[in-house]
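K.L.:
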Amino acid sequence: MLKVHGWSQWDGAVAIVTELMRGRNLKRLLHDKNVPLHPIHRLRMSRDIAEGVAFIHNFSLSKRLIHGDLKPENILLTEDLICKVGDFGCSRMINRTGQTTTSEAHQRKQEFTPVYAAPERLKHGCTPPKKEADTYSYTLIIHGILTRERPNEHSVSDQAYLDTIKRGERPCTNAIDDLEKSLNTVQEKEIIHCLREVMTKCWQQKRDDRSDMTIINRELDDLMLKQNQSDVLRVVDQSVEKFRFFDPTKCNTGFIPLSCFQLNIRNSSLGKPYSLIHKL
Numbered sequence: 001m002l003k004v005h006g007w008s009q010w011d012g013a014v015a016i017v018t019e020l021m022r023g024r025n026l027k028r029l030l031h032d033k034n035v036p037l038h039p040i041h042r043l044r045m046s047r048d049i050a051e052g053v054a055f056i057h058n059f060s061l062s063k064r065l066i067h068g069d070l071k072p073e074n075i076l077l078t079e080d081l082i083c084k085v086g087d088f089g090c091s092r093m094i095n096r097t098g099q100t101t102t103s104e105a106h107q108r109k110q111e112f113t114p115v116y117a118a119p120e121r122l123k124h125g126c127t128p129p130k131k132e133a134d135t136y137s138y139t140l141i142i143h144g145i146l147t148r149e150r151p152n153e154h155s156v157s158d159q160a161y162l163d164t165i166k167r168g169e170r171p172c173t174n175a176i177d178d179l180e181k182s183l184n185t186v187q188e189k190e191i192i193h194c195l196r197e198v199m200t201k202c203w204q205q206k207r208d209d210r211s212d213m214t215i216i217n218r219e220l221d222d223l224m225l226k227q228n229q230s231d232v233l234r235v236v237d238q239s240v241e242k243f244r245f246f247d248p249t250k251c252n253t254g255f256i257p258l259s260c261f262q263l264n265i266r267n268s269s270l271g272k273p274y275s276l277i278h279k280l
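Residue numbering for the sequence shown follows the working numbering, starting at 1 and increasing by one per position.
Take a look at the structure:
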């Protein structure tokens with residue numbers, strides 16, 4: 001999960017201050033074809049995300065958190081390309097019974113990204129999402145990890161793609177077939193076969209037929225434990241070497257000036273730039 005340091009506010013604005021994710025997001029990594037992605041690395045990314053989603057789905061003994069907008073743009077990357085679930089702007093806290101908590105019950109219609117949304121959300125957008133909707137969205141992230149394509153890559157339009165999903169069809173998997181044919185070792189083929197099975201189990205049309213994220217996380221974790229740790233580090237390093245990381249010293253747009261955080265610097269407990277941060 002993305003580490004949050006705290007929050008800050010000033011006239012007309014509120015900000016959440018998190019750890020710096022120099023790898024930016026998963027979408028950038030998947031679409032950079034110059035970066036190699038070994039099957040072991042694909043497995044690690046899938047396991048990382050499953051772990052995060054399983055965690056929020058089991059938030060406490062009485063409640064669970066539904067993310068509501070899982071997609072590659074909301075999976076953030078560290079310097080070691082570890083995946084962390086972020087951006088909870090569409091999330092909802094619900095009781096274990098599936099009922100939305102009182103504080104959430106009066107919220108307006110929830111926003112989400114249609115291309116990564118479960119069929120039931122496309123048909124009934126006003127209905128609060130269940131954890132199975134997150135599971136479906138997670139499946140499309142795995143599809144992207146395996147194909148390095150968007151789910152609607154081969155559709156004539158977004159609407160045409162959404163119509164096929166509502167009818168029970170699923171994104172094109174030809175790229176996964178090609179990937180499997182290109183692999184040379186039994187170990188690599190086993191990984192891709194496992195990820196493909198997870199994808200199939202999680203994108204069922206009926207939400208009750210989808211696997212639970214806790215089970216998926218356990219399956220992927222068990223497979224990850226079978227991998228040689230030195231091999232894991234080696235293949236990740238190959239990706240790190242080719243990937244273009246974010247350098248905050250070379251960016252001059254899109255960021256809040258540090259001066260906004262420095263109005264009471266003598267009382268700062270977290271360092272010079274973050275004097276107004278309220279620790280969580």
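A virtual CB, placed ideally from N, CA and C, is assigned to each residue, including glycine.
1) When burial is assigned at 16 or more other CB atoms within 10 Å of the CB, is Ala160 buried or exposed?
2) Rounded to the nearest angstrom, what separates Thr102 and Lys181 at their Cα positions?
3) Let's see if you can read the secondary structure: which residues bound the beta strand (DSSP E) around Gln9?
4) Closer than 8 Å is the cut-off here; do at least three beta carbon pairs connect the segment 62-71 with the segment 12-19?
5) So Asn217 is in the alpha helix (DSSP H); what residue range does that whole segment cover?
6) Do you know offhand how far Gln229's Cα is from Arg47's?
7) Could you round the C-beta distance between Ile75 and Asn25 to whole angstroms and report it? I think they count as a contact, below 8 Å.
8) Between which two residues does the beta strand (DSSP E) containing Asn174 stretch?
9) Rounded to the nearest angstrom, how far is the Cβ of Arg44 from that of Val232, given a contact under 8 Å?
10) Just to check my reading of the structure: Ile49 and Tyr138 have Cβ atoms closer than 8 Å, yes? What is that Cβ distance to the nearest angstrom?
11) Would you identify the three-state DSSP class for Gly23, choosing helix, strand or coil?
12) Quick check on the burial criterion: 16 or more other C-beta atoms within 10 angstroms. Buried or exposed for Ala13?
13) How many whole angstroms separate the CB atoms of Gly23 and Leu29, which I take to be in contact at a CB cut-off of 8 Å?
14) Please report the distance separating the alpha-carbon of Lys130 from that of Arg96.
15) Provide the residue span of the alpha helix (DSSP H) that contains Cys202, from first to last.
16) Taking buried to mean at least 16 other C-beta atoms within 10 Å of its own C-beta, is His143 buried or exposed?
17) In chain order, which continuous runs of the alpha helix (DSSP H) of length 4 or greater are located wholly inside the segment 35-77?
18) Using three-state DSSP, classify Ala118 as helix, strand or coil.
19) Taking Ile216 as the reference, give the member of Glu51, Leu2, Asp177 with the closest Cα.
20) In angstroms, rounded to a whole number, what distance separates the CA positions of Leu220 and Lys242?
21) If you draw a straight line from the alpha carbon of Arg266 to that of Asp247, how long is it in whole angstroms?
22) Please report how far the alpha carbon of Gly6 lies from the alpha carbon of Lys27, in whole angstroms.
P.N.:
So, from the data block:
1) As a working note, residue 160 is residue 160 in the sequence shown. The residue is exposed, with fewer than 16 neighbouring Cβ atoms inside 10 Å.
2) As a first step, residue 102 must be located in the sequence shown, where it is residue number 102. As a first step, residue 181 must be located in the sequence shown, where it is residue number 181. Any reading at Thr102 is ruled out, since the residue's pLDDT is 44, under 50, leaving its predicted position unreliable.
3) As a working mapping, residue 9 is identified with position 9 in the sequence shown. First-last of the beta strand (DSSP E) with Gln9: 4-10.
4) no
5) Taking the first residue of the sequence shown as position 1, residue 217 is located at position 217. Run containing Asn217: 213-225, per the alpha helix (DSSP H) assignment.
6) As a working note, residue 229 is residue 229 in the sequence shown. As a working note, residue 47 is residue 47 in the sequence shown. Approximately 15 Å between the Cα atoms of the pair.
7) Along the sequence shown, one-based indexing puts residue 75 at 75. Along the sequence shown, one-based indexing puts residue 25 at 25. At roughly 6 Å, the Cβ-Cβ gap stays under 8 Å, so Ile75 and Asn25 are in contact.
8) The count along the sequence shown starts at 1 and reaches residue 174 at position 174. Not the beta strand (DSSP E): Asn174 falls in the alpha helix (DSSP H), residues 174-182.
9) The residue given as residue 44 occupies position 44 in the sequence shown. The residue given as residue 232 occupies position 232 in the sequence shown. Between Val232 and Arg44 the Cβ distance is about 6 Å, and since that is below 8 Å, they are a contact.
10) Residue numbering aside, residue 49 sits at position 49 when the sequence shown is read from its first letter. Residue numbering aside, residue 138 sits at position 138 when the sequence shown is read from its first letter. Correct: roughly 6 Å between the Cβ atoms.
11) Reading the sequence shown from its first residue, position 23 is the one you call residue 23. Reduced to three states, the DSSP call for Gly23 is coil.
12) In the sequence shown, residue 13 corresponds to position 13, counting from 1. Burial call: exposed.
13) As a working mapping, residue 23 is identified with position 23 in the sequence shown. As a working mapping, residue 29 is identified with position 29 in the sequence shown. At roughly 7 Å, the Cβ-Cβ gap stays under 8 Å, so Gly23 and Leu29 are in contact.
14) Here residue 130 corresponds to residue number 130 of the sequence shown, with the count starting at 1. Here residue 96 corresponds to residue number 96 of the sequence shown, with the count starting at 1. Looking at the two C-alpha atoms, the distance is approximately 11 Å.
15) Sequence index remark: in the sequence shown, residue 202 carries index 202 (1-based). Cys202 -> alpha helix (DSSP H) spans 186-202.
16) Against the sequence shown, residue 143 aligns to sequence position 143. Per the 10 Å Cβ criterion, buried.
17) 39-57
18) Taking the first residue of the sequence shown as 1, we reach residue 118 at position 118. Coil at Ala118, not helix or strand.
19) Position 216 of the sequence shown, counting from 1, holds the residue named residue 216. Of the candidates Glu51, Leu2, Asp177, the one whose C-alpha sits nearest the C-alpha of Ile216 is Glu51.
20) As a first step, residue 220 must be located in the sequence shown, where it is residue number 220. As a first step, residue 242 must be located in the sequence shown, where it is residue number 242. Answer to the nearest angstrom: the Cα atoms are 26 Å apart.
21) To locate residue 266, count along the sequence shown from 1; it is residue 266. To locate residue 247, count along the sequence shown from 1; it is residue 247. Since pLDDT at Arg266 reaches only 36, below the 50 mark, its modelled position is unreliable, and no value is offered.
22) Counted from its first residue, the sequence shown places residue 6 at position 6. Counted from its first residue, the sequence shown places residue 27 at position 27. Straight-line Cα distance between these residues: approximately 26 Å.
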